[in-house]
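Notes to accompany the following structure.
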Amino acid sequence: MSRILIIQIFLLVFLITTANAEIVESWICQENSNGDWSKIIVAAKVNNGREDGVVEMSGVKNISNFDMKSINRRWKFGASYEYSFVIKPDGEAMYYDYSKVSKVKPQISLFCKQKELAKKKVPSKKINRTVNTSEQN
118 MSRILIIQIF LLVFLITTAN AEIVESWICQ ENSNGDWSKI IVAAKVNNGR
168 EDGVVEMSGV KNISNFDMKS INRRWKFGAS YEYSFVIKPD GEAMYYDYSK
218 VSKVKPQISL FCKQKELAKK KVPSKKINRT VNTSEQN
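Position in the sequence shown (from 1) plus 117 gives the number in this note's numbering.
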């Protein structure tokens, strides 16, 4: 019983931490490179620390492990990391399903572009200076 409770607490902390993480990279992907980017199939995000992220497909958000293999970005997700989403530097992306076999070809190839992230506004500090204009004798 206590082992199950510990696992549940760990998962809760992990999910809360991941959900509130700052996003440092965001990608959107579609079926062809010439589209108007109105039909996004996959959105992939990298959290601060570059160890985890989210892959959203068909409205389902998958918490993922993130790493860079050489120059490729890779998100691994699923109960045993049986799914993988890879983006190459040129924006070509592949989705892999390893749930049935260990060596597979990509199930789908997409074209991705990096999304511009909104810059955080840093509050400016207003400096109040008072100037004494009266002459002192």
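Note that beta-carbon positions come from the ideal geometry of N, C-alpha and C, so glycine has one too.
In its own chain, which residues sit with a C-beta less than 7 Å from the C-beta of residue i, not counting the 5 before and 5 after it?
i      : result
Tyr212 : Phe202, Pro223, Gln224 and Ile225
Gly170 : Ala161, Lys162, Val163, Asn164, Ser181, Phe183 and Trp192
At what residues does the beta strand (DSSP E) containing residue i begin and finish?
i      : result
Glu142 : Ile140 to Gln147
Ile180 : Val177 to Lys186
So, at 8 Å on beta carbons, what are the nonlocal neighbours of residue i in its own chain, with the 5 sequence-adjacent residues on each side left out?
i      : result
Asn149 : Phe228
Trp154 : Ile145, Gln147 and Lys230
Thr135 : For Thr135, the predicted model reports a pLDDT of 48, less than 50, meaning its position is unreliable; a value from the coordinates is still stated below. The residues are Asn164, Asp169, Val171 and Ile180.
Val185 : It is Met, not Val, that sits at residue 185 in the sequence shown. Only Arg167 and Arg191 meet the Cβ criterion.
Alpha carbon to alpha carbon, how far is residue j from residue i? Give it in angstroms, no decimals.
i      : j      : result
Pro206 : Ser181 : 20 Å
Val143 : Gly152 : The question names Val, but residue 143 is Ser in the sequence shown. Rounded to the nearest angstrom, the two C-alpha atoms are 18 Å apart.
Leu234 : Glu139 : 11 Å
Val177 : Lys232 : 19 Å
Val141 : Val218 : 33 Å
Ile157 : Asp214 : 20 Å
Ala196 : Gly208 : 27 Å
Check whether the Cβ atoms of residue i and residue j lie closer than 8 Å to each other.
i      : j      : result
Val172 : Phe194 : yes
Glu199 : Ser175 : no
Apart from the five residues on each side of it in sequence, which residues of its chain come closer than 6 Å, Cβ to Cβ, to residue i?
i      : result
Asn179 : Val172 and Phe194
Ala210 : Cys146, Ile204, Leu227 and Cys229
Query raised in the report: Would the segment 161-173 and the segment 183-195 be scored as touching if the rule is three or more Cβ pairs under 8 Å?
Result: The segment 161-173 vs the segment 183-195: in contact.
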